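Visitor: Questions regarding the structure given below will be posed in turn.
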Amino acid sequence: MKIFVCIKQVPATSEVAVDEETGVLQRSGVASKMNPFDLFALETALRLKEAGGGSVTVGTMGPPQARDIIQEAFMMGADEGYLFSDRRLAGADVLATSYTLSQAIRSLGDYDLILCGKQTTDGDTAQVGPAIAEHLNIPHASWVSALDLAENGVQAEQQLQDTVQTAFLPFPCLITVEQDIHVPRLPSMRLKKETRDREIPVLDLSYFMDQNEAHYGLAGSPTQVERIFPPRRDLEHELITEGDLAQALYDRLRAWKIV
Amino acid sequence: MATIAVIKRKCTGCAACRAVCPFSAIDMKDGLAEINAGCRACGLCIKACSYQAIVALETKRDSVDKSLWQDFLVFGEMTEQGLHPVTRELIGEAHRLAAGSPHQVHAILIGAGLDAAAQELRHYDLGKILVYEDAQELAYFRADSFAACFEDAINTLRPSVVLVGATALGRSLAPRVSTRFQTGLTADCTSLSFRENSDLVQIRPAFGGNIMAEIITPHTRPQFATVRYKVMDAHPRAEAARGEIIRRPLPQKARDSKVRLVDSRPVPPAANISEAEILVVAGRGLNKPADLDLVVALAQALGGEYAFTRPLVEKGWGSNDRQIGLSGRTVRPRLIITVGVSGAIQFTACMDGAEKIIAINQDEKAPIFSIAHLGIVGDLYDVVPRLIELIKAGGREHAGI
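Note that the protein sequences, when read in sequence, are chains A and B. End of the first sequence sits at 259 in this note's numbering; the numbers just go up one at a time, nothing left out. End of the second sequence sits at 660 in this note's numbering; the numbers just go up one at a time, nothing left out.
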């Protein structure tokens, strides 16, 4: 069983301050980490490999420094890791990102199972996983909270609005896993030593089957960010210290359509 | 549409651009700025550069003929309890956006046993209601089968805008369909507007809600957006039933799915505080274990779940699976009300992504107030019982009792 896990490097903090006057973003440092939700996908992959044999490959699209999270994946037990990096991939939205990843996965070989975290903490769209499945023309299940091997496929439990549905998906298929499906293991010092010199191939567009630049990055992105601005200041820290406190709180709940 | 480029001979290597880039997409190489693969072309670096060394290179792109794509299509999600209420909200928003334009609002239903839902939808000023019904193939949710029906509906109606609820099902289905049409999809929009040229302006939080992005889909159609439940206003139900129900044959592709249902059961009542939309958190301000009843009662009145801070769990008042914090869970509900919680960073770091935060605490200087949208400085033993009364009274009024 060949498993591919999509991972992404994200800013280590979501605390991005916005200058009130200029609307300019101010970052404190540029520390990065692996998207925390990807840890659950990687852990799931490692457990399936332990149960059924096979291999776990991780891949990420990003700048050269995204190697760090591939090394981290090695320290958890991933067998192979690839970095998809090319200036022409920059500016990709959901469609172009998922297309890039689908092309990368295709160029690397036939995987039985592709695993993704439920979403990233920077983009927060939860859309790239299902979109990869569509590009690859394979079935998928999202928000999977339990995943077991079955004959030539997996059995996936997913929570919908008011039902928990368990379905069989034949290989090849794509699964995005919920947080807490398994507790991610800690990186191992032993693996860190063993994998220190493991090669991390960097693939650019020339490795993909479709080499038409117009399908990648900004050029291949149907959506366009027109502007970025600080949220409306409903973040005012309103403090109520006197009067009918419960009534004031209740009025606010009504205004927010909570009750 | 533009690609950002650095004019090397103008660049002084001051790195002002790198400091403002939200995507870490600028590296300093040989003392000059270089754009890397992380660039999202937001243009902030252009404004930040004092030397006009960064420019946007416009690239021409073919656009579809937008006049061939008209109207709004709303996905009507079915649950065990019938239509998901987000459907009426999406219809309401579509009507608001379409007002004053020739665009109509249509809906699509996919599933089994859809008669009642289709009839109900006729009361919401819809043009057409496309129904895909099959007791075998569509009896449960399979993204590939549902996507095949959705594809047929879009080919039939050619809508300009497609709105889908940002539910577990909607967020699994919408990306498949938008990808099939090679078009844009914007998740979790908090605000929408509609331009005369039929471009949908989609606003959503980026970076965990600290920054908002305004997004358009200028060259392709349809334009897909998902919107979370309780963000938009529901469309009022009309007495007259007007919408035209059109039953469409099941597309062959909807029969081709190899996904098989193994089991389906109602959601177990077991609490999962990470998934709760509304949370009430008990903190050290409570005097004794029995007072937790207050917190539980408030959570129930709001239809939410209750949770604890670490000190209470350590005292044995609550279980770890309801603990919020670095040693417990991280939550991001629509609303969180903290009751007698001081707000240590180990706690706030794991809940400050909540859309709305209300803090009730006696100590005006408690750190929790610095992250709360609304702070109530007062005795929780006065505020909470009366708040529960008000909510219950409001609920009775709403139900017409």
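For every residue, glycine included, the Cβ atom is placed at its ideal position computed from N, Cα and C. Given the structure is predicted, the values throughout are model-derived calculations rather than measurements.
Hey, would you say Ala78 (chain A) sits closer than 8 Å to Leu42 (chain A), going by beta carbons?
Guide: Taking 8 Å as the Cβ cut-off, Ala78 (chain A) and Leu42 (chain A) qualify as a contacting pair.
Visitor: Only counting the same chain, and skipping five residues up and downstream in sequence, which positions put a Cβ closer than 7 Å to that of Ile69 (chain A)?
Guide: Closer than 7 Å at the Cβ level, and outside the excluded window around Ile69 (chain A), lie Ile7, Gln9, Met34 and Thr60.
Visitor: Pick out whichever of B:Asp611, B:Ala366 and B:Asp641 has its Cα sitting closest to the Cα of Gly599 (chain B).
Guide: That would be B:Asp641, whose Cα lies nearest to the Cα of Gly599 (chain B).
Visitor: Which parts of the region 55 to 111 of chain A are runs of the alpha helix (DSSP H), unbroken and 4 residues or longer, counting only runs that do not cross its ends?
Guide: Complete alpha helix (DSSP H) runs here, min 4: 67 to 76 and 94 to 108.
Visitor: Just to confirm, are Phe628 (chain B) and Leu239 (chain A) a CB contact at a threshold of 8 Å?
Guide: Yes, Cβ-Cβ distance for Phe628 (chain B) and Leu239 (chain A) is below 8 Å.
Visitor: Can you tell me whether Gly562 (chain B) is buried or exposed? The criterion is at least 16 other CB atoms within 10 Å of its CB, across all chains shown.
Guide: It counts as exposed.
Visitor: Taking contact to mean 3 or more Cβ pairs, one atom from each stretch, closer than 8 Å, check whether the region 429 to 440 of chain B and the region 448 to 466 of chain B are in contact.
Guide: No, they do not touch.
Visitor: Whether or not the region 497 to 515 of chain B and the region 405 to 416 of chain B are in contact is what I'm after, with contact meaning three or more pairs of Cβ atoms, one per stretch, closer than 8 Å; do they touch?
Guide: Flag = yes, the region 405 to 416 of chain B and the region 497 to 515 of chain B touch.
Visitor: Among the candidates A:Gln179, A:Val5, A:Leu205 and A:Lys193, whose CA atom is the shortest distance from the CA of Thr121 (chain A)?
Guide: Answer by Cα proximity: A:Gln179.
Visitor: Tell me, please, which residues DSSP counts as bridged to His365 (chain B).
Guide: Paired residues: B:Leu332.
Visitor: For a contact meaning CB atoms closer than 7 Å, what does Thr125 (chain A) contact in chain B?
Guide: Near Thr125 (chain A) (Cβ distances below 7 Å), the residues of chain B are Ala446.
Visitor: Which same chain residues, not among the five before or five after Val345 (chain B), have their C-beta less than 6 Å away from its C-beta?
Guide: Gly424 and Tyr488, listed in sequence order.
Visitor: Look at the alpha carbon of Ala315 (chain B) and the alpha carbon of Leu205 (chain A), and state the distance between them as a whole number of angstroms.
Guide: If you take the alpha carbons of Ala315 (chain B) and Leu205 (chain A), they lie about 23 Å apart.
Visitor: Would Val486 (chain B) and Leu422 (chain B) qualify as a contact pair, given that the criterion is a beta-carbon distance under 8 Å?
Guide: Taking 8 Å as the Cβ cut-off, Val486 (chain B) and Leu422 (chain B) qualify as a contacting pair.
Visitor: By the 10 Å Cβ neighbour count, where 16 or more other Cβ atoms means buried, how is Phe229 (chain A) classified, buried or exposed?
Guide: Exposed is the call here.
Visitor: Considering Cα atoms alone, identify which of A:Asp86, A:Arg252 and A:Ala167 is closest to Ala398 (chain B).
Guide: Closest option to Ala398 (chain B), Cα to Cα, is A:Ala167.
Visitor: Leaving out five residues before and five after Gln127 (chain A) in sequence, what residues of the same chain have Cβ atoms less than 7 Å from its Cβ?
Guide: Answer for Gln127 (chain A): Val94, listed in chain order.
Visitor: Name the chain A residues that come within less than 8 Å of Phe628 (chain B), Cβ to Cβ?
Guide: Within 8 Å Cβ-Cβ: His237 and Leu239.
Visitor: Once the 5 residues before and after Gly372 (chain B) are set aside, which same chain residues still bring their CB inside 8 Å of it?
Guide: Once the five neighbours on either side are set aside, the close Cβ partners of Gly372 (chain B) are Glu392 and Ala394.
Visitor: Using a Cβ cut-off of 8 Å (strictly closer), state whether Asp86 (chain A) contacts chain B.
Guide: Answer yes: the Cβ-Cβ gap between Asp86 (chain A) and chain B drops below 8 Å somewhere.
Visitor: Any C-beta of chain B within less than 7 Å: which residues of the region 88 to 103 of chain A qualify?
Guide: The region 88 to 103 of chain A vs chain B, Cβ under 7 Å: Leu89, Ala90, Gly91, Asp93, Val94, Leu95 and Ser98.
Visitor: Can you tell me whether Met189 (chain A) is helix, strand or coil according to DSSP?
Guide: In this structure, Met189 (chain A) counts as helix in the three-state DSSP scheme.
Visitor: Hey, Ala446 (chain B) and Thr176 (chain A) are a contact pair by Cβ (cut 8 Å); roughly how many whole angstroms apart?
Guide: Not a contact, Cβ separation roughly 13 Å.
Visitor: Using a Cβ cut-off of 7 Å, pull out every chain B residue sitting near Ser107 (chain A), in sequence order please.
Guide: The premise fails here: Ser107 (chain A) is roughly 17 Å from chain B at the closest Cβ pair, so nothing lies under 7 Å.
Visitor: Would you please verify whether the beta carbon of Ser142 (chain A) is less than 8 Å from any beta carbon of chain B?
Guide: Answer yes: the Cβ-Cβ gap between Ser142 (chain A) and chain B drops below 8 Å somewhere.
Visitor: What residues in its chain sit with their C-beta under 6 Å from that of Ile209 (chain B), if we drop five residues either side in the sequence?
Guide: There is simply no residue 209 (chain B) to check, as chain B begins at 260 and stops at 660 in what is shown.
Visitor: Sorted by chain position, which residues of the same chain lie with C-beta nearer than 7 Å to Gly243 (chain A)'s C-beta, five sequence neighbours on each side aside?
Guide: Contacts found: none.
Visitor: Roughly how many whole angstroms lie between the Cα atoms of Ser55 (chain A) and Val490 (chain B)?
Guide: When rounded, the distance between both Cα atoms is 43 Å.
Visitor: Specify, as a first and last residue, the run of the alpha helix (DSSP H) that Arg252 (chain A) falls within.
Guide: Looking at the DSSP string, the run of the alpha helix (DSSP H) that includes Arg252 (chain A) is Leu245 to Ala255.
Visitor: Thinking C-alpha only, which one of A:Leu46, A:Asp38, A:Ala246 and A:Leu136 is nearest Gly109 (chain A)?
Guide: Checking every option, the nearest Cα to that of Gly109 (chain A) belongs to A:Leu136.
Visitor: With 8 Å as the threshold, decide whether the Cβ of Met260 (chain B) is near any Cβ in chain A.
Guide: Note on Met260 (chain B): pLDDT 45, under 50, position unreliable in the model; the coordinate value appears next. Answer yes: the Cβ-Cβ gap between Met260 (chain B) and chain A drops below 8 Å somewhere.
Visitor: So what's Arg439 (chain B) in DSSP terms, helix, strand or just coil?
Guide: DSSP places Arg439 (chain B) in helix when its eight states are reduced to three.
Visitor: How about Arg261 (chain A): is its C-beta nearer than 8 Å to some C-beta of chain B?
Guide: Lying before the first or after the last residue shown, residue 261 (chain A) is absent from chain A, which here runs from 1 to 259.
Visitor: Name the chain A residues whose beta carbon is nearer than 9 Å to that of Ala603 (chain B)?
Guide: Here the premise fails: no neighbours, minimum Cβ distance about 17 Å.
Visitor: Chain B partners of Ile228 (chain A), CB-CB under 8 Å?
Guide: Ordered by position in chain B, the residues that pass the 8 Å Cβ test against Ile228 (chain A) are Pro281, Cys301, Leu303, Ala465, Ile470, Met471, Ala472 and Glu473.
Visitor: Helix, strand or coil: which one does DSSP assign to Leu649 (chain B)?
Guide: Helix, per DSSP.
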